[in-house]
Each structure stands twice: as C-alpha cells, then as structure tokens.
Amino acid sequence: MSHDLKPIEEQVIVVTGASSGIGLATVLGAAKRGAKVVLVARSADTLGDVQRRIRDSGGDAIIAIADVADRGALEDAARMAIERFGRIDTWVNDAGVSVYGRLDEVSNEDSRRLFETNFWGTVNGALTALPYLKRQGGALINVGSEVSDAVIPYQGMYSASKHAVKGFTDALRIEVELLDKAPVEVVLIQPTAVDTPYPEHAANYMAEAPKLPTPMIEPEDVAEAILKAAEEGGRDITVGAMAKIDTTVSKLMPSVGDRMAKMQADRQQRDEPAGDRRGTLYRPGEGGEVHGRGG
1 MSHDLKPIEE
11 QVIVVTGASS
21 GIGLATVLGA
31 AKRGAKVVLV
41 ARSADTLGDV
51 QRRIRDSGGD
61 AIIAIADVAD
71 RGALEDAARM
81 AIERFGRIDT
91 WVNDAGVSVY
101 GRLDEVSNED
111 SRRLFETNFW
121 GTVNGALTAL
131 PYLKRQGGAL
141 INVGSEVSDA
151 VIPYQGMYSA
161 SKHAVKGFTD
171 ALRIEVELLD
181 KAPVEVVLIQ
191 PTAVDTPYPE
201 HAANYMAEAP
211 KLPTPMIEPE
221 DVAEAILKAA
231 EEGGRDITVG
241 AMAKIDTTVS
251 KLMPSVGDRM
261 AKMQADRQQR
271 DEPAGDRRGT
281 LYRPGEGGEV
291 HGRGG
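For reference, each letter of the sequence shown is one residue, going 1 to 295 in UniProt numbering.
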C-alpha cells in the first residue's frame, strides 16, 4: 500500500539516535535536501553541534534531548516539532545500542537496558508519532537489522531485541495500514553491518575490543534507504547484499543460517584489549561521529 508522501524537501522529519551513526547520517542527508529536521538523542552537546552545522549550511533543525526509554520525553519532542513546524511527516526510530557477550554472561540489568533502548524506545517512538502522522499522512520508519531475521552469537540480546522490533512493526503495520486504513506507511529497515561507532558504543563482556564483522556498508547507504522510504514507503527494506543473503537464508534454510552465524563468532573482536566496558548503555555518547573505525 502506498500513500502520497511528500518529497524530502517538503518534509518535517524526526530522527531518534540522531547524534551518531545512521541517525546522524540521516538528519544530515535530510537537511541537505531541504527537510526540516528534529534531532532526538541523549547527547546534548553533540546535538547542539549538529544543529549549528545544519543551520550554518542553510538548513532548519531543532533538538530534543531525550532518552527513548522515556515515553514522556518523546512526547515532549513531538510537541516541540509541532510547535515549531506544525506537523510531522516522517518519524524515524533509529536509537539503538548493543552488548557484546555470551547470553549466560550478560547481566539481566544490561539486557533489560538494551531492550529499553532498542525495543521499548521503538515502541515509545512509534506510538508517540502515530497520532501526528495519521493527521495528514506520513511514514513511520523503524530501523531493525538483518538480525531481525538472522542472529549473531555474542550479540544474542541485540538479535532478540531486533526480532522484537520486527514483530512489533509487522503487527503495527497490519493494524494501521490494513485495519485502520490510515494514510501511514509503516516501514522496517534491515541493514547489514554498518561502519558506525556502534562497537565503540556497545557494552562489552569480551576480553578484546569489539568490532563488527566485514563486509560493512556505509551509514550514508542506510540513510539513503531511510529517506527513500520517507518518500516512497515500503514494507521491509534490506540494505546491503549480506542483509539480503542472511535474511533469506534464515527464512528458507535456517540450519545453514545457524552455521553461517557460528562463523561470525570469531570475527567480532579487534586484536586489542577491551577498553570502556559500559559503552553508552547508561550514558550518552558525545563523539558525534557518523563513521566507525572500519573493519
């Protein structure tokens, strides 16, 4: 089902997780094309810097300091968007964090905190955005992962949270698009590994510093897929060749998918000792980087 979505340059776009990685690439790309953007994250200093960059280049951006686990804070962000711009055309739930470690080693506290951000943050954002999107039509875009279908060892809770995001998104799509016949596109974006500061932001139980397995795609590629969905809608959009392979194999040949995932166990460590073990699980990261350290 496709609805009449506006061109990016005519949109008001809210993005969570806007202070780094895919979220930052998305707001910069949207602002460059003329969208009015609302940057949502915990990182006040970084958001201020990004807002200045956008305004200095002629764009229009406001910031909302919020932890996505706090529904009230997201409702405040939505109200700010309405007060400033009058409407919301696209809402992107991108905020996310990971924990590297075996499932029997990771603390319950850390696993719950990961779900508060990745799953409940998406739920909070989606249910906050929907009443506004339904008014004039728009797109709700949830950033899942190839591990919304596949899984990866040592990031089991992250995989579980992204499965949960997919289940929530798929059920919401049926209720909104098919039952309500509301003029809203509910889209799941499923990237493969992306070269962002994600490993540096993750909590880590391993002896070595964490990394993502190669090949990785650029965050700008995912941002482009998000902005395309904001204009054209869609259902579930895989980004990167490996995402297509991994999601397909996990559905059609699950035991082969298991063996492929096992091969990733030893490709998630750097040849250097672990540094910061808590990452940004409980505190904002102020790095303000789109890209990570590569493979």
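Beta carbons are placed, not taken as given, at the ideal position from N, Cα and C, and that holds for glycine.
Since the model is a prediction, treat every value here as computed from it, not as a measurement.
Residue i - DSSP class collapsed to helix/strand/coil
i: Asp76; result: helix
i: Asp60; result: strand
i: Leu39; result: strand
i: Asp45; result: helix
i: Ile8; result: helix
i: Val256; result: helix
Between the CA atoms of residue j and residue i - distance to the nearest angstrom
i: Ala182; j: Ile88; result: 15 Å
i: Val106; j: Glu83; result: 42 Å
i: residue 306; j: Glu289; result: Here the chain covers residues 1 to 295 and nothing more, so residue 306 does not appear.
i: Pro215; j: Ala78; result: 36 Å
i: Met1; j: Arg277; result: Confidence at Met1 is low in this model, with a pLDDT of 43, below 50, so the placement of that residue is unreliable and no value is reported for it.
i: Arg24; j: Leu178; result: First, the amino acid is wrong: residue 24 is Leu here, not Arg. Their backbone Cα atoms lie some 32 Å apart in a straight line.
i: Ser43; j: Arg267; result: 30 Å
i: Ala69; j: Gly121; result: 5 Å
i: Ala265; j: Gly96; result: 21 Å
i: Glu218; j: Arg293; result: 12 Å
i: Ile174; j: Asp271; result: 46 Å
i: Thr90; j: Ser148; result: 22 Å
Environment of residue i [buried if 16+ CB atoms lie within 10 Å]
i: Glu200; result: buried
i: Asp246; result: buried
i: Lys262; result: exposed
i: Glu185; result: buried
i: Arg259; result: exposed
i: residue 297; result: Any question about residue 297 goes unanswered here, given that the chain covers just 1 to 295.
i: Met171; result: Note that residue 171 is Ala in the sequence shown here, rather than Met. By the 10 Å Cβ count, Ala171 comes out exposed.
i: Leu133; result: buried
i: Asp104; result: exposed
i: Met157; result: buried
i: Ala207; result: exposed
i: Lys162; result: buried
i: Asn93; result: buried
Nearest candidate by alpha-carbon position, reference residue i, set the options
i: Ser19; options: Gln11, Gly59, Ala64; result: Ala64
i: Ile152; options: Ala193, Thr280, Thr46; result: Ala193
i: Gly17; options: Glu286, Met80, Gly294; result: Glu286
i: Lys32; options: Gly58, Ala41, Ser255, Val15; result: Gly58
- Query: What are the start and end residues of each continuous beta strand (DSSP E) run of 3 or more residues lying completely inside the segment 76 to 109, in chain order?
  - Reply: Considered as a whole, the segment 76 to 109 harbours 90 to 93 as its complete beta strand (DSSP E) runs of no fewer than 3 residues, in chain order.
- Message: Could you tell me which whole alpha helix (DSSP H) segments of length 4 or greater appear in the segment 207 to 265?
- Response: 219 to 232, 241 to 252, 254 to 262
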